[in-house]
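To keep things clear, I will list the structure first and then write my remarks on it.
Protein chains: 2
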Amino acid sequence: MNNANNALTEAVYYILLSLIEPKHGYGIMQQTASLSGGRLRLSAGTLYGALVSLQEKGWIEPLGEEGRKKEYRLTDNGRSVLIAEVERLEELVKNGKELLNH
Amino acid sequence: MNNANNALTEAVYYILLSLIEPKHGYGIMQQTASLSGGRLRLSAGTLYGALVSLQEKGWIEPLGEEGRKKEYRLTDNGRSVLIAEVERLEELVKNGKELLNH
DNA sequence: TCCGTTATATCGGTTGCCGATACAAATGTA
DNA sequence: TACATTTGTATCGGCAACCGATATAACGGA
């Protein structure tokens, strides 16, 4: 337990964003690369490890399997976390712009 | 070396922002708590560990000591990193807002 | 005098990302 | 048909970073 560090990692942030629309693991990789303009490419280790831990936290849930594909989607809980994260990021941007333009 | 993960941690981000104006370690703690509305309180372990690694990266530099206080300031290199980070954060916010409001 | 704040520093534990590796089905191409 | 690439999921070891706890000590106010 720490003081208040609710910060999501960039990987987790994009995984959660991707799962607003149900999607399977490989689809998350593709959407993340696309959303970030090719900048962020999730490694398999990051992605599949995160899918396990995010289920344990109750932020995403499995939807079933279609052939080889395992689909997941964001839970209501996960959506709340995402909304809070966007607010945190907006705080960072606001502070950054203020201090950089002295 | 990884694909393109230039993401700063929240702690490092606020430390760099604080050092736009020269400041000593404890002053960074105070400004960070203030800027984040009390949300983020850097632990001593995080702060002093980061001050060492940020010097090694050349993003901050020591200015000298005033009694017990050791002052640091952002380098030009550190400033560039900060500017890039604000741009990255803006991308995250933009994507988050777009996808959350489907 | 005593206590809270200021101030710097180290240590061990935990978490999380990464690259590498593995395996295999599906698709595209020569 | 044969081969290469893409799609798809999964595990492992290593490394970096944050955290809380702990240590030490000067300073200021009640």
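Which chain is which? The protein sequence lines are A and B, in order.
Start counting the first sequence at 6; every next residue gets the next number (the working numbering).
Start counting the second sequence at 6; every next residue gets the next number (the working numbering).
C-beta: ideal position from N, C-alpha, C; glycine also.
Suppose the cutoff is 6 Å on Cβ atoms and the five residues either side in sequence are ignored; what does the same chain contact list for residue i look like?
i            : result
residue 6/A  : Only weak support is given to the placement of residue 6/A: the predicted model assigns it a pLDDT of 34, under 50, and the value that follows is read from those uncertain coordinates. No residues qualify anywhere along the chain.
residue 24/A : 65, 77, 78 and 79
residue 33/A : 20 and 23
residue 59/B : 65
Under three-state DSSP, which class holds residue i?
i             : result
residue 42/A  : coil
residue 92/A  : helix
residue 33/B  : helix
residue 72/A  : coil
residue 21/B  : helix
residue 105/B : helix
residue 99/A  : helix
residue 58/B  : helix
residue 85/B  : helix
residue 12/B  : coil
residue 51/B  : helix
residue 7/A   : Bear in mind that the predicted position of residue 7/A carries a pLDDT of just 38, short of 50, making it unreliable; the figure below should be weighed with that in mind. Of the three classes helix, strand and coil, the one that applies to residue 7/A here is coil, per DSSP.
Can you tell me the Cβ-Cβ gap for residue i and residue j, rounded? I've got them flagged as a contact below 8 Å.
i             : j             : result
residue 45/B  : residue 37/B  : 6 Å
residue 98/A  : residue 86/B  : Not confirmed; about 15 Å, so no contact.
residue 100/B : residue 105/A : About 22 Å separates the two Cβ atoms, so there is no contact after all.
residue 94/B  : residue 94/A  : 6 Å
Under the DSSP definition of a beta bridge, which residues are partnered with residue i?
i            : result
residue 77/A : 28/A and 67/A
Going along the chain, which residues of its own chain have a beta-carbon closer than 7 Å to the beta-carbon of residue i, five neighbours each way excluded?
i            : result
residue 30/A : 52, 53, 56 and 75
residue 90/A : 13 and 18
residue 68/B : 27, 76, 77 and 78
residue 16/B : 47, 51 and 55
Within a Cβ cutoff of 8 Å, which residues of the same chain sit near residue i, ignoring the five residues on either side of it in sequence?
i            : result
residue 28/A : 36, 76, 77 and 78
Task: Under 7 Å (Cβ pairs) to chain B, residues found in the region 13-36 of chain A - done: So the close ones are 15, 18, 22 and 25.
Task: Members of the region 46-80 of chain B near chain A, C-beta cut-off 9 Å - done: 46, 47 and 48
Task: Interfacial residues, the region 83-101 of chain A to chain B, with Cβ spacing under 9 Å - done: Sequence-ordered contacts of the region 83-101 of chain A with chain B read 84, 87, 88, 90, 91, 93, 94, 95, 96, 97, 98, 100 and 101 [C-beta pairs closer than 9 Å].
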